[in-house]
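In the numbering used here, the protein residues as written are 752 to 1013.
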């Protein structure tokens, strides 16, 4: 939009992209399915918060980046990068808003969830091909209709490596990326976050990056040596154990020095 958008209820109503919450939730589920390989855990967390605060005007989130960061326990810069990545995928659009009164300075961006478009790239199954219809001519012969040209297959969009690295803690990316491809990396990080959250969702990798890196390296070595069959399951259990250690150190119940830096 070329004209300045004022932060008013009328503007937010016009930006609304869905009839109600159910339609928005269905579209977000479709986005998750379509971009399952591209969405990092941080991007999923940001999208969840956007959805939670996009109810009054369905699809429109009017929340500062810092507030989103506070909700997911990450930095404001990380949230900005995640929103940029979500926008690149076509999941959201961001509109700069300006104050309605006074000097009309820049206000908060409106983050608008976009309706999901169902495409062939979003489905894992092969489409069923209908048989070519036969047309009877007046002389009794059959003239086959000309088959339509098949659409060229396009690979789903992938994020640049910079987005991948910036959307997760460095300790995770640096340790896992040499051993895992993109899909496996996303799944591994998701398993680690799930295990961590099962103990305490407020525990962050940044609290004890070396401890996390050492534990992950040990898990990778065990997996490559054949001692572990289900890597993601093992990583989830490992993450729960490390998160428990962090919690004990927080409360002074443990004697570890890797968290305090002593």
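For every residue, glycine included, the Cβ atom is placed at its ideal position computed from N, Cα and C.
**Request:** Please list, in chain order, all residues of the same chain as residue 817 whose beta carbon is under 6 Å from its beta carbon, the five residues on each side excluded.
**Result:** Excluding residues within five positions, the ones whose Cβ falls inside 6 Å are 827.
**Asked** Near residue 882, what residues of its chain come up, given a Cβ to Cβ distance below 8 Å and the 5 sequence neighbours on each side ignored?
**Response** Any reading at residue 882 needs caution, since the residue's pLDDT is 42, under 50, leaving its predicted position unreliable; the model's value is listed next. Nothing meets the Cβ criterion.
**Other residues of its chain near residue 919: CB distance less than 8 Å, five sequence neighbours each side excluded** = 791, 792, 793 and 940, listed in sequence order.
**Request:** Go ahead and pull the three-state DSSP assignment for residue 928.
**Result:** Reduced to three states, the DSSP call for residue 928 is coil.
**Asked** Would you call residue 969 buried or exposed, if buried means 16 or more other Cβ atoms sit within 10 Å of its Cβ?
**Response** Flag for residue 969 reads exposed.
**Request:** Between the Cα of residue 967 and those of 949, 980 and 986, spot the shortest distance and give me the residue it belongs to.
**Result:** Checked all of 949, 980 and 986; the closest Cα to residue 967 is 986.
**Request:** Please go through the same chain and pick out, in chain order, the residues whose beta-carbon is closer than 7 Å to the beta-carbon of residue 796, but skip the five residues on each side of it.
**Result:** The beta carbon of residue 796 is closer than 7 Å to those of 823 in its chain, skipping five residues each way along the sequence.
**Through-space distance from residue 868 to residue 905, alpha-carbon basis** = Caution is warranted here: a pLDDT of 40 is assigned to residue 905, below 50, making its placement in the model unreliable, and no coordinate value can be reported.
**Request:** Count the other CB atoms, across all protein chains shown, that sit within 10 Å of the CB of residue 877; report buried if there are 16 or more and exposed otherwise.
**Result:** Summary for residue 877: the model assigns pLDDT 42, below 50, so the residue's position carries little reliability, and this model does not support an answer.
**Request:** Please classify residue 847: does DSSP put it in a helix, a strand, or coil?
**Result:** Three-state result, residue 847: strand.
**Asked** How about residue 848 and residue 808: are their beta carbons less than 9 Å apart?
**Response** In this structure, residue 808 does not lie closer than 9 Å to residue 848 by Cβ.
**Prompt:** Can you name, in chain order, every residue of its own chain whose Cβ lies under 8 Å from the Cβ of residue 921, other than the five neighbours on each side?
**Reply:** Correct list, in chain order: 960.
**Range of the contiguous beta strand (DSSP E) that encloses residue 862** = Note, residue 862: beta strand (DSSP E), 857-864.
**Asked** Which term fits residue 852, buried or exposed, when burial requires 16 or more other beta carbons within 10 angstroms of its beta carbon?
**Response** With fewer than 16 other Cβ atoms within 10 Å, it is exposed.
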